Amino acid sequence: IGSFSTTAITTALYVGSGASFLDIRNNIFANTMTGNNASQKNYAIYLSTDYRSLEPLLKENNIPSEKIFFIDTLTSEVQTPPKLDNCIFVQSPSALTEISLAFSDALSSKGCDVILIDSISTLLIYQDVHSIIRFSQTLMTKGRVMNKKLVFVALKEDSEGLVKDISMFVDKIIDYTKP
Numbered sequence: 001i002g003s004f005s006t007t008a009i010t011t012a013l014y015v016g017s018g019a020s021f022l023d024i025r026n027n028i029f030a031n032t033m034t035g036n037n038a039s040q041k042n043y044a045i046y047l048s049t050d051y052r053s054l055e056p057l058l059k060e061n062n063i064p065s066e067k068i069f070f071i072d073t074l075t076s077e078v079q080t081p082p083k084l085d086n087c088i089f090v091q092s093p094s095a096l097t098e099i100s101l102a103f104s105d106a107l108s109s110k111g112c113d114v115i116l117i118d119s120i121s122t123l124l125i126y127q128d129v130h131s132i133i134r135f136s137q138t139l140m141t142k143g144r145v146m147n148k149k150l151v152f153v154a155l156k157e158d159s160e161g162l163v164k165d166i167s168m169f170v171d172k173i174i175d176y177t178k179p
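Sequential numbering from 1 applies to the sequence shown in the numbering used here.
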């Protein structure tokens, strides 16, 4: 399996219905974690919302969008997407191979250090559980090989089986259903 490295941590976050005092409105997560250098670039795959909908939310939460690279899986289904420097548009959330290729591109050519996949449970609308697990494991392997940090978000009540299966492959689970 190899040696442990703190530079290649994979984390899964799931939120159960028993959670209280937790604000995850519009899937924007804010914390006090800072990058390890001024040039750190973060990366997000949003499977449940489009890039244009995120822009005002990022501004509202004082999150600089130029420090984030996006893969938008929804816009191409309804319109021809614009050309943007910080966003790759893929055909749809069901296009796992295309998402994986865009992920590889972002890791190698865009210099992304932290990758947020929100939310992996959304893929259950488009794919079966086994396909999502294989897809997740592929992303985790790519991230680990390149010493990147990955965070997978999943809503537990939407995907108990998926969360259980993916938990075998991650380094840490953060369960917000526990007090």
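All C-beta atoms, glycine included, are put in the ideal place defined by N, C-alpha and C.
These figures come from a predicted structure and were not determined experimentally.
(message) Is the beta carbon of residue 139 closer than 8 Å to that of residue 100?
(response) For the purposes of this step, residue 100 is identified with residue 100 of the sequence shown, where counting begins at 1. For the purposes of this step, residue 139 is identified with residue 139 of the sequence shown, where counting begins at 1. A contact, by the Cβ cut-off of 8 Å.
(request) Return the chain-ordered ranges of every alpha helix (DSSP H) run that is complete within the segment 102-153 and spans a minimum of 4 residues. (result) Within the segment 102-153, the complete alpha helix (DSSP H) runs of at least 4 residues are 129-145.
(message) Looking at the ligand PLP, does it come within less than 7 Å of residue 83, judged from the CB to the closest heavy atom?
(response) Absence of the ligand PLP is noted for the structure shown, with no ligands found whatsoever.
(request) Please determine, among 103, 79 and 98, the residue with the shortest C-alpha to C-alpha distance to residue 86. (result) One-based indexing of the sequence shown puts residue 86 at position 86. Among 103, 79 and 98, the Cα nearest to that of residue 86 belongs to 103.
(request) For residue 108, count neighbouring C-beta atoms within 10 Å of its own C-beta (all shown protein chains included) and say buried if the count is 16 or more, exposed if not. (result) On the sequence shown, position 108 is the one that residue 108 refers to. By the 10 Å Cβ count, residue 108 comes out exposed.
(request) My understanding is that residue 96 touches residue 129, with C-beta atoms under 8 Å, so please give their C-beta distance in whole angstroms. (result) Within the sequence shown, the letter at position 96 stands for residue 96. Within the sequence shown, the letter at position 129 stands for residue 129. Actually they do not touch by this definition, with Cβ atoms about 13 Å apart.
(request) Let me know the secondary structure DSSP gives residue 74 once reduced to three states. (result) Position 74 of the sequence shown, counted from the first residue, corresponds to residue 74. Three-state DSSP puts residue 74 in coil, outside helix and strand.
(message) As a quick exercise: from 91, 153 and 157, pick the residue whose alpha carbon is nearest that of residue 174.
(response) Here residue 174 corresponds to residue number 174 of the sequence shown, with the count starting at 1. The residue with the shortest Cα to Cα distance from residue 174 is 153.
(request) To the nearest angstrom, report how far apart residue 133 and residue 105 are at their CA atoms. (result) Indexing the sequence shown from 1 puts residue 133 at position 133. Indexing the sequence shown from 1 puts residue 105 at position 105. Near 21 Å, if we compare the C-alpha coordinates of residue 105 and residue 133.
(request) Go to residue 165, then tell me how far its alpha helix (DSSP H) extends in each direction, as first and last residue. (result) Here the question's residue 165 lines up with position 165 in the sequence shown. Where residue 165 is concerned, the enclosing alpha helix (DSSP H) stretches over 160-166.
(message) Let me confirm a value: residue 156 is counted as buried when at least 16 other C-beta atoms fall within 10 Å, else exposed. Which label applies?
(response) The residue labelled residue 156 in the question sits at position 156 within the sequence shown. Buried, by the Cβ-count rule.
(request) Pull up the CB-CB distance for residue 48 and residue 122, whole angstroms please, since I reckon it's below 8 Å. (result) The residue labelled residue 48 in the question sits at position 48 within the sequence shown. The residue labelled residue 122 in the question sits at position 122 within the sequence shown. The pair is a contact, with the Cβ atoms about 4 Å apart (cut-off 8 Å).
(message) Taking the straight line between their C-alpha atoms, what separation do you get for residue 70 and residue 63?
(response) Translated into positions along the sequence shown, residue 70 becomes position 70. Translated into positions along the sequence shown, residue 63 becomes position 63. When rounded, the distance between both Cα atoms is 13 Å.
(message) Could you give the first and the last residue of the continuous alpha helix (DSSP H) run that contains residue 59?
(response) Your numbering for residue 59 matches position 59 in the sequence shown. Its alpha helix (DSSP H) spans residues 51-60.
(request) Drop a sphere of 10 angstroms on the beta-carbon of residue 30, count the other beta-carbons inside from all chains shown, and report buried for 16 or more, exposed for fewer. (result) As a working note, residue 30 is residue 30 in the sequence shown. Residue confidence is low: residue 30 scores 40 on pLDDT, short of 50, so the model does not pin down where it sits. No coordinate-derived value is stated.
(message) Can you list, in chain order, the residues of its chain with a C-beta nearer than 8 Å to that of residue 58? Leave out the 5 residues immediately preceding and following it.
(response) Position 58 of the sequence shown, counted from the start, is the residue given in the question as residue 58. So the list reads 28, 64, 65 and 68, once near-sequence residues are dropped.
(message) Using a Cβ-Cβ cutoff of less than 6 Å, which residues in the same chain neighbour residue 110 once the five nearest sequence positions on both sides are dropped?
(response) For the purposes of this step, residue 110 is taken as the residue at position 110 of the sequence shown. 69.
(request) Report the rounded CA-to-CA distance for residue 191 versus residue 75, giving the unit in angstroms. (result) In the structure as shown, the chain starts at 1 and stops at 179, and residue 191 therefore has no counterpart that could be examined.
(message) Out of 176, 147 and 73, which one is the CA nearest neighbour of residue 126?
(response) Stepping through the sequence shown from its first residue, residue 126 is reached at position 126. When each option's Cα is compared against that of residue 126, the closest is 73.
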